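Engineer: Protein chains in written order, with the numbering used here: chain D, 4 to 113; chain P, 4 to 154.
C-beta atoms are modelled at their ideal positions from N, C-alpha and C, and glycine is treated no differently.
Remember, it's a predicted structure, so these values are computed and weren't measured experimentally.
Just passing along the structure, written as structure tokens.
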């Protein structure tokens, strides 16, 4: 899994590539919490267009990120969810808890 | 038997197992959503063994086998796949296994929920010092088969 951070309007985009599973979710959690808690970025966009798979440990990391962003008064915005990732969000019944957009353009405009 | 794998409790192996199970499900003609459900269940079950039964320690043994179930009238006219996992970790107490309430927004406790939602049968047991997990997914009737049943 690879994580690349780039600046965007009002915040930072984290481009994630690969699978977010037990082996790799700790790295995503670290990057996410660093952006939210340490850098206090007001909007963190998580680009999941190139994520083929996410497991429950990945979802747990996203929930932790969401809680941290709420504590900071910032926003965590997800976009580009594949069918597989969307399915897992629905199974977790978290799709309405997260701010989710189809594309980067929609996410940035939100 | 369709497949037998001897694994170690190394999370880096999970992507290889997912690819293997996905291919096995394709070969058995599971529909895409069913194949994803099987892959998800195997991945979550192995992750649970690594995290909980083995406490995150790498290099410990996990056995996995997949069997093709024959078509049977009482369960599934199409047959299915049976996946068996065995580990030598801390005993799993089936009575204490429960998914967390989904209305609680907190990290963790979702893996077992994913497995139970994704598979048709899920059974935990312990025999001869091993935790055993049996998961079954039946093939859905093809649209053609379903329509001929209704006739």
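Does residue 46 (chain P) get closer than 7 Å to chain D when you measure Cβ to Cβ?
Structural biologist: Reading the second chain from its first residue, position 43 is the one you call residue 46 (chain P). Yes, contact with chain D.
Engineer: Mind checking which residues open and close the alpha helix (DSSP H) that includes residue 64 (chain P)?
Structural biologist: Within the second chain, the letter at position 61 stands for residue 64 (chain P). Where residue 64 (chain P) is concerned, there is no enclosing alpha helix (DSSP H), although the beta strand (DSSP E) it sits in stretches over 64 to 72.
Engineer: Going by DSSP, which residues form a beta bridge with residue 6 (chain D)?
Structural biologist: Residue numbering aside, residue 6 (chain D) sits at position 3 when the first chain is read from its first letter. In the DSSP assignment, residue 6 (chain D) forms a beta bridge with D:19.
Engineer: Along chain P, which residues have their Cβ under 7 Å away from the Cβ of residue 60 (chain D)?
Structural biologist: Counting from 1 along the first chain, the entry for residue 60 (chain D) is found at position 57. Residues of chain P passing the Cβ test: 50.
Engineer: Would you say residue 82 (chain P) and residue 73 (chain P) are within 7 Å of each other, going by their C-beta atoms?
Structural biologist: Position 79 of the second chain, counting from 1, holds the residue named residue 82 (chain P). Position 70 of the second chain, counting from 1, holds the residue named residue 73 (chain P). Against a cut-off of 7 Å, the Cβ pair of residue 73 (chain P) and residue 82 (chain P) comes out as a contact.
Engineer: Tell me, please, whether the CB atom of residue 87 (chain D) is closer than 7 Å to any CB atom in chain P?
Structural biologist: Numbered from 1 along the first chain, position 84 holds the residue referred to as residue 87 (chain D). By this cut-off, residue 87 (chain D) is an interface position.
Engineer: Please report how far the alpha carbon of residue 125 (chain P) lies from the alpha carbon of residue 142 (chain P), in whole angstroms.
Structural biologist: Indexing the second chain from 1 puts residue 125 (chain P) at position 122. Indexing the second chain from 1 puts residue 142 (chain P) at position 139. In a straight line, the C-alpha of residue 125 (chain P) is about 16 Å away from that of residue 142 (chain P).
Engineer: When DSSP builds the beta bridges, which residues end up paired with residue 139 (chain P)?
Structural biologist: In the second chain, counting from the first residue as 1, residue 139 (chain P) sits at position 136. Partner(s): P:85 and P:124.
Engineer: Between which two residues does the beta strand (DSSP E) harbouring residue 50 (chain D) extend?
Structural biologist: The residue you call residue 50 (chain D) lines up with position 47 of the first chain. For residue 50 (chain D), the enclosing beta strand (DSSP E) covers residues 46 to 57.
Engineer: Quick one: Cα of residue 85 (chain D) to Cα of residue 104 (chain D), how far?
Structural biologist: Walking along the first chain from the start, residue 85 (chain D) turns up at place 82. Walking along the first chain from the start, residue 104 (chain D) turns up at place 101. Spanning the two alpha carbons is a distance of roughly 12 Å.
Engineer: Taking the alpha carbon of residue 64 (chain P) as the reference point, which residue from P:19, P:71 and P:49 has its own alpha carbon closest?
Structural biologist: In the second chain, counting from the first residue as 1, residue 64 (chain P) sits at position 61. Cα-wise, what sits closest to residue 64 (chain P) is P:49.
Engineer: Report buried or exposed for residue 14 (chain P), applying the criterion of at least 16 other Cβ atoms within 10 angstroms of its Cβ.
Structural biologist: Position 11 of the second chain holds residue 14 (chain P). Residue 14 (chain P) is buried by the Cβ-count criterion.
Engineer: Where does residue 19 (chain P) land, buried or exposed, given buried means 16+ other C-beta within 10 angstroms?
Structural biologist: By 1-based counting over the second chain, the position of residue 19 (chain P) is 16. By the 10 Å Cβ count, residue 19 (chain P) comes out exposed.
Engineer: Exposed or buried, what is residue 75 (chain P) when buried is set at 16 or more other beta-carbons lying within 10 Å of its beta-carbon?
Structural biologist: Within the second chain, residue 75 (chain P) is the residue found at index 72, counting from 1. Exposed, since its Cβ has fewer than 16 Cβ neighbours within 10 Å.
Engineer: Listing by chain order, which chain D residues have their CB less than 7 Å from the CB of residue 39 (chain P)?
Structural biologist: Taking the first residue of the second chain as 1, we reach residue 39 (chain P) at position 36. The contacting residues are 87 and 90.
Engineer: Would you say residue 94 (chain D) faces chain A, with C-beta separation under 7 Å as the test?
Structural biologist: Chain labels in this structure do not include chain A; the protein chains are D and P.
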